[in-house]
Amino acid sequence: MRTVRCLGASLFGAGAELVTIEARVEPREKGGTEVLLTGLPDSVLRESRGRIQCALSEVGLDLAPGRLFLNLVPAARRKSGEILDLPLALASAAASGHFDPRALRGAIFLGELGIDGRLHAVPGGLAAAVAARERGVTRLFGPPATAAEAAAFPEIEAHGAQNLAQVVAHVAGARALARAAPEEHALVLPGHVPSLDDVRGLVDAKLALSAAAAGGHAILFVGPPGAGKSMLARRLPRLLPPPELDERLAITRVLSAAGRWPGGLARERPFRAPHHTTSYAGLVGGGPAATPGEVTLAHGGVLFLDEFPEFRRDVLEALREPIESGTITISRASQRVDLPARFQLVAAMNPCPCGYRGHPRVPCRCAPRAVERYRGRISGPLLDRIDLVVEVAATSAEELIASAGERQPDPTASEGAVAARVRQAVERARARQDGRRNADLDAEALDRHAPLDERGQRLLAQAAARRVLSARAVQSLRRVARTCADLEGSAAVTAAHVAQALALRAALG
Numbered sequence: 026m027r028t029v030r031c032l033g034a035s036l037f038g039a040g041a042e043l044v045t046i047e048a049r050v051e052p053r054e055k056g057g058t059e060v061l062l063t064g065l066p067d068s069v070l071r072e073s074r075g076r077i078q079c080a081l082s083e084v085g086l087d088l089a090p091g092r093l094f095l096n097l098v099p100a101a102r103r104k105s106g107e108i109l110d111l112p113l114a115l116a117s118a119a120a121s122g123h124f125d126p127r128a129l130r131g132a133i134f135l136g137e138l139g140i141d142g143r144l145h146a147v148p149g150g151l152a153a154a155v156a157a158r159e160r161g162v163t164r165l166f167g168p169p170a171t172a173a174e175a176a177a178f179p180e181i182e183a184h185g186a187q188n189l190a191q192v193v194a195h196v197a198g199a200r201a202l203a204r205a206a207p208e209e210h211a212l213v214l215p216g217h218v219p220s221l222d223d224v225r226g227l228v229d230a231k232l233a234l235s236a237a238a239a240g241g242h243a244i245l246f247v248g249p250p251g252a253g254k255s256m257l258a259r260r261l262p263r264l265l266p267p268p269e270l271d272e273r274l275a276i277t278r279v280l281s282a283a284g285r286w287p288g289g290l291a292r293e294r295p296f297r298a299p300h301h302t303t304s305y306a307g308l309v310g311g312g313p314a315a316t317p318g319e320v321t322l323a324h325g326g327v328l329f330l331d332e333f334p335e336f337r338r339d340v341l342e343a344l345r346e347p348i349e350s351g352t353i354t355i356s357r358a359s360q361r362v363d364l365p366a367r368f369q370l371v372a373a374m375n376p377c378p379c380g381y382r383g384h385p386r387v388p389c390r391c392a393p394r395a396v397e398r399y400r401g402r403i404s405g406p407l408l409d410r411i412d413l414v415v416e417v418a419a420t421s422a423e424e425l426i427a428s429a430g431e432r433q434p435d436p437t438a439s440e441g442a443v444a445a446r447v448r449q450a451v452e453r454a455r456a457r458q459d460g461r462r463n464a465d466l467d468a469e470a471l472d473r474h475a476p477l478d479e480r481g482q483r484l485l486a487q488a489a490a491r492r493v494l495s496a497r498a499v500q501s502l503r504r505v506a507r508t509c510a511d512l513e514g515s516a517a518v519t520a521a522h523v524a525q526a527l528a529l530r531a532a533l534g
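Count along the sequence shown from 1, add 25, and you get the number used in our numbering.
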């Protein structure tokens with residue numbers, strides 16, 4: 026008896042972990058084959074024993090009579106999913122003497138098996154490829170869609186197979202599989218992403234949106250129902266620069282591990298807009314398998330939270346860590362998982378429970394105490410982490426009708442012009458700050474890249490004293506001022522840019 030080893034993967038959190046399948050057969054002359062599977066398999070994996078036996082028999086690789094021991098390493102970590110069907114079958118066949126076990130070395134195998142031996146696509150191809158590369162494994166075998174997904178990682182040699190027989194023929198040296206080519210598919214945003222050109226008026230809000238896009242700043246829109254808060258938020262993806270290759274890989278890896286991306290490399294940034302009834306685990310992630318939440322699914326893109334104060338208080342407070350660090354940590358009794366969560370927050374809220382406080386035509390019916398309680402649902406520490414707080418005033422019907430009759434709108438306010446200014450500002454920031462966004466600058470980086478002159482320092486000090494701003498809020502204003510300077514093409518941050526940053530941070534009170 027000898028032990029055979031084959032490498033597979035199991036999805037966990039926002040990535041994949043490599044799993045070594047150990048197999049050995051204890052022969053006996055009479056009876057069939059008893060399969061014993063250990064190493065904390067879930068119910069799907071326990072059921073795989075029947076699938077594997079049928080699939081192997083279908084391609085003429087019957088298991089030797091006796092006891093087949095299959096162990097999943099590391100044994101202390103729970104394994105889940107049908108992704109391990111293919112390596113389990115190959116390890117079993119090699120342990121039964123059908124081919125040389127050495128042919129399985131240096132490669133990772135992924136895929137679900139049908140009882141007829143067909144291979145079915147499984148999520149996690151790219152996530153598994155990244156995990157394999159970290160272990161020095163550069164060959165991957167799986168169903169065509171899974172292999173194409175893994176092939177998006179340039180350092181992986183991926184091979185796609187339609188069935189178990191093709192994989193066995195390749196590892197046995199009988200017939201080689203062709204190398205899979207990566208498939209380019211755009212990440213489809215939910216619904217149609219409308220143009221900024223459709224927005225009438227709201228000049229100040231558009232300026233704030235361009236600043237948010239240029240610097241990666243979190244933004245909160247405050248205004249009455251129908252003022253255009255959600256309309257503005259849903260147009261942010263059109264202004265953001267396209268993701269770089271490393272960002273595309275990170276976005277695809279997260280979606281791959283979550284089972285939401287069947288193959289190919291993401292071209293667009295994700296846009297997530299969960300409802301305000303979303304649970305804590307639904308937003309930040311959790312559960313037995315540390316399933317990624319909305320903050321992780323929005324990694325590299327936009328997280329839009331409409332009706333901001335209506336979210337549960339504990340759900341909102343959980344945003345504080347990822348807004349600042351770009352990760353979310355989920356701790357359980359036996360494990361700790363760090364999930365990526367570098368998203369751009371866009372939130373929207375009414376000014377009061379009825380929504381019409383400050384409206385020029387509709388009177389507000391809310392008592393002052395009710396308004397205070399409503400706004401108090403958003404804590405000071407969370408507000409400190411939102412760089413831009415913008416009041417969106419209601420647009421009158423006369424203004425809308427007048428703007429609808431304009432045949433030649435201002436070309437400098439068109440989406441193309443705004444996106445061009447944003448793109449240039451992003452390029453300036455990246456060149457100056459080694460690829461970092463302005464929103465990610467710490468105090469040391471601000472002193473280096475955004476020093477203030479005497480007038481700017483005096484203006485910021487006066488505003489901090491008048492508004493009773495925290496140290497974090499002061500640093501936030503400096504980051505926004507740096508973005509305002511970038512949008513104007515200015516190398517220096519002046520008092521005028523500080524004034525713009527102050528105007529883009531309305532007091533919520």
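Backbone N, C-alpha and C fix where the C-beta goes; we use that ideal spot for every residue, glycine too.
Because the structure is a prediction, the values reported are computed rather than measured.
Helix, strand or coil at residue i according to DSSP, with G and I counted as helix
i       : result
Val-192 : helix
Phe-134 : strand
Gln-369 : strand
Glu-269 : coil
Phe-333 : helix
Gly-311 : strand
Gly-40  : strand
Leu-402 : Sequence check: residue 402 is Arg here, not Leu. In this structure, Arg-402 counts as coil in the three-state DSSP scheme.
Thr-420 : coil
Ser-35  : strand
Arg-382 : coil
Ser-515 : coil
Leu-264 : helix
Leu-466 : coil
Leu-290 : strand
Val-224 : coil
Ala-306 : helix
Val-396 : helix
Arg-455 : helix
Per DSSP, cross-strand counterpart(s) of residue i
i       : result
His-184 : Phe-166 and Arg-204
Lys-104 : Pro-66
Arg-92  : Glu-51 and Glu-59
Met-374 : Val-247
Asp-363 : Thr-354
His-145 : Glu-137
Phe-296 : Val-327
Val-98  : Thr-45
Arg-530 : Val-414
Thr-316 : Gly-311
Arg-30  : Glu-47
Leu-477 : Val-518
Rounded separation between residue i and residue j - CA only
i       : j       : result
Arg-483 : Arg-507 : 16 Å
Pro-334 : Phe-296 : 20 Å
Gly-481 : Val-340 : 37 Å
Glu-513 : Val-443 : 12 Å
His-123 : Ala-116 : 10 Å
Ala-8   : Leu-97  : Residue 8 falls outside the range modelled here, since the chain spans only 26 to 534, and no answer is possible.
Gly-251 : Ala-419 : 7 Å
Leu-214 : Pro-266 : Reliability of the predicted coordinates at Leu-214 is poor, the pLDDT of 43 falling under 50, and no value is obtained from them.
Arg-372 : Arg-402 : Reading the sequence as shown, one finds Ala at residue 372 and not Arg. Cα-Cα distance, rounded: 14 Å.
Leu-221 : Leu-257 : 8 Å
Glu-54  : Ala-89  : 10 Å
Arg-273 : Val-447 : 20 Å
Pro-406 : Arg-74  : 52 Å
Tyr-381 : Val-247 : 11 Å
Arg-30  : Phe-368 : 40 Å
Leu-212 : Val-50  : Note that Leu-212 scores a pLDDT of 46, beneath 50, so its modelled location is shaky and nothing firm can be said.
Gly-131 : Arg-160 : 10 Å
Arg-259 : Gly-185 : 38 Å
Gly-91  : Ile-133 : 27 Å
Thr-303 : Thr-316 : 15 Å
Gly-216 : Ser-255 : Since pLDDT at Gly-216 reaches only 43, below the 50 mark, its modelled position is unreliable, and no value is offered.
Residue i Cβ short of 7 Å to the ligand COA heavy atom set
i       : result
Val-362 : Questions concerning the ligand COA fall outside what the structure shown contains, since it holds no ligand whatsoever.
Below-8 Å beta-carbon distance, residue i vs any chain D residue
i      : result
Leu-43 : Chain labels in this structure do not include chain D; a single protein chain is all it has.
Discussion item. Count Cβ pairs between the segment 97-116 and the segment 66-83 that sit closer than 8 Å; are there 3 or more?
Written reply: yes
Worksheet item: Do three or more CB pairs link the segment 498-507 to the segment 458-474 at distances below 8 Å?
Response: Two segments are said to touch when three or more pairs of C-beta atoms, one from each, lie closer than 8 Å; by this definition the segment 498-507 touches the segment 458-474.
Discussion item. Assess contact between the segment 309-328 and the segment 351-368, defined as three or more Cβ pairs (one per stretch) separated by less than 8 Å. Is contact present?
Written reply: yes
Discussion item. Taking 8 Å as the cut-off, does the segment 277-286 touch the segment 145-164 (at least 3 CB pairs, one atom from each stretch)?
Written reply: yes
Discussion item. Could you check whether the segment 393-406 touches the segment 198-207, counting it as contact only if at least three pairs of C-beta atoms, one from each stretch, sit closer than 8 Å?
Written reply: no
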